[in-house]
Amino acid sequence: MKKTIIIAEAGVNHNGDINSAKKLIDVAAEANVDYVKFQTFKAENLVSKKARMASYQKQNINATSDSQYEMLKSLELSHEDHVELCNYSESKGVKFFSTAFDVEGLEYLDQLGLELFKSPSGEITNYPYLKKLSELGKPVILSTGMADMDEIRQAVDVLISGEIRKEDITVLHCNTQYPTPMKDVNLKAMNSIANELGVAIGYSDHTLGIEVPIAAVALGATVIEKHFTLSRDLPGPDHKASLEPDELKLMVSAIRNIDQAISGDGIKRASPSEIDNKEVARKSIHTSRKIEAGEIINSNDLIALRPGNGISPMKWDMVIGKRSTKTLYAYHLLEEGDYI
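Those letters in the sequence shown? Residues 1 to 340, by the numbering used here.
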């Protein structure tokens, strides 16, 4: 059975506190996700000091200032934090993962030994960033919020211009609005990406709830990414659009169920679990009244009743017009030797 890769996106929901980051790892490990993902950046390499917050960020933080730089500076993880979180994740049996937002960050994560890289939606048009990813030659997950098909195609072309094979790229359909309105999800676009670009697909979800990522798996997503938090009541840019611990567990459980449900070979036949029910649920031809020996059997003499361990009602017309070989009492389960 092929298992969907589930990435629990802690992001910056640690609010700059290493102990909160560890608690997030605990939650991810308990939910049995595959990866717990953070964000690796230096604010000065990511935004100018004049950059403003997105409206949802300012609203979620209740900030008096709209400085994106000040917000991000408070959410940075140091080198020591990264090492500690890597080790802590390993001790909890969940893989540490992080997203970098610039070339320096990519080089840093490569030095940390990451075997998988994630390009966030905002970097899909960042040529130097994509080119660096291509040079690293490691599998890439490419998020596509705000992008159109041409932009995705161009990004994939940059990635495969270096050391990355197309089969090592997974493209995530995504909407970069927190939370994403259901009417804007456009989940069918995920399969359009697969059909047009010939890549593995997944889904990075920013809707409220767990329905859409579950639906994405049913539609063919091989990777699911979802933000989670210790509590949606915490201040911070992403908490409001994140799952709480119990919800993360429910999502993972549901996805694992869908993994099993779509793992069949596609051939329609009775499954091992339902074969025994055939006899109970199906019907056989019975007599509806007493039929004397030698009588010609007509349709009014027969009735289809459970159980289904006799002659199938699909042979109804083959029985009509036959002659009874013996006296048959009402509700008798008809057998082949009862008529000629």
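Glycine residues also receive a C-beta, built at the ideal position from the N, C-alpha and C atoms.
Computed from a predicted structure; not experimentally measured.
Residues bridged to residue i (per DSSP)
| i | result |
| --- | --- |
| G202 | L172 |
| K95 | Y35 |
| L302 | T287 |
| K226 | A8 and D205 |
| I311 | Answer is none; I311 lacks a bridge partner. |
| I296 | R323 |
| S67 | R52 |
| A281 | Paired residue(s): none; A281 is not in a bridge. |
| L333 | H286 |
| A100 | T40 |
| L328 | I291 |
| Y339 | S324 |
Residue span of the alpha helix (DSSP H) that contains residue i, given as start and end
| i | result |
| --- | --- |
| Q154 | M149 to I160 |
| H79 | H79 to K92 |
| I214 | E211 to A218 |
| K188 | K188 to L197 |
| S74 | No alpha helix (DSSP H) holds S74; DSSP gives it neither H nor E. |
| V47 | First-last for V47: undefined, no H or E at that position. |
| K132 | Y127 to L136 |
| S273 | It is not in any alpha helix (DSSP H) - S273 carries neither H nor E in the DSSP assignment. |
| Y108 | V103 to L112 |
| I25 | I18 to E30 |
Cβ neighbours of residue i in the same chain (closer than 6 Å, five flanking residues each side left out)
| i | result |
| --- | --- |
| K249 | A31 |
| K22 | Y88 |
| L136 | D110 |
| V27 | P245 |
| V217 | T4, I255 and I258 |
| S143 | P120, S121, L172, C174 and S204 |
| E295 | S324 |
| L305 | K283 and H286 |
| D168 | P139 |
Cβ shell of residue i (< 8 Å), same chain only, five flanking positions each side left out
| i | result |
| --- | --- |
| N191 | I201, L219 and G220 |
| N45 | F101, D102, E104 and G105 |
| V33 | I6, I7, A8, V94, L248 and V252 |
| G337 | T325 |
| L243 | I210, K226, H227, F228, T229 and M251 |
| T176 | S121, G122, G145, M146 and H206 |
| E335 | G310 and I311 |
Given residue i as reference, the closest of the options once Cα atoms are compared
| i | options | result |
| --- | --- | --- |
| I262 | I303, L243, A215 and E274 | A215 |
| L85 | I224, G16 and V158 | G16 |
| G11 | E225, E196, L112 and R165 | E225 |
| A8 | R165, D265, T99 and T176 | T99 |
| K42 | N19, R52 and H79 | H79 |
| L114 | E123, I141 and N126 | I141 |
| V212 | E107, K188, S65 and L328 | K188 |
| N186 | L197, C174, A194 and K278 | C174 |
| F101 | E279, F38 and K283 | F38 |
| H14 | E70, D238 and A29 | D238 |
| S312 | A54, R282, R269 and E295 | R282 |
| E196 | D233, D150 and S231 | D150 |
| H227 | T170, H82 and I25 | I25 |
| D317 | L72, I303, T125 and E123 | I303 |
| K50 | K73, Q68 and S20 | Q68 |
| G308 | T222, I320, V280 and K290 | V280 |
| L230 | N126, S20 and M146 | S20 |
| Y331 | R289, R153 and P235 | R289 |
| V319 | D81, I285 and D66 | I285 |
| A293 | T327, D148, T170 and G264 | T327 |
| G198 | K73, R153 and M146 | R153 |
| I124 | G310, D148 and T40 | D148 |
| P139 | K240, Y127, M314 and V156 | V156 |
| V223 | Y35, A29 and M1 | Y35 |
| Y127 | Y108, F117, V158 and E107 | V158 |
| M71 | E90, T170, G236 and F96 | G236 |
| F97 | I275, K73, M53 and T40 | T40 |
For residue i, the first and last residue of its enclosing beta strand (DSSP E)
| i | result |
| --- | --- |
| G11 | I5 to G11 |
| I258 | It is not in any beta strand (DSSP E) - I258 instead sits in the alpha helix (DSSP H) that spans P245 to A261. |
| L142 | V140 to S143 |
| K118 | F117 to S119 |
Sequence-distant residues of the same chain with beta carbon closer than 7 Å to residue i, five excluded per side
| i | result |
| --- | --- |
| K322 | I297, Y339 and I340 |
| D301 | T287, S288, R289 and I291 |
| I18 | D81 and E84 |
| L112 | H82 and C86 |
| S65 | none |
Give a yes or no on contact between the segment 172-183 and the segment 194-208, applying the rule of three or more CB pairs nearer than 8 Å.
Remark: three or more beta-carbon pairs, one from each stretch, lie closer than 8 Å, so the segment 172-183 and the segment 194-208 are flagged as touching.
With three or more beta-carbon pairs closer than 8 Å as the criterion, would you say the segment 155-168 touches the segment 125-133?
Contact between the segment 155-168 and the segment 125-133 is present: 3 or more CB-CB pairs across the two stretches fall below 8 Å.
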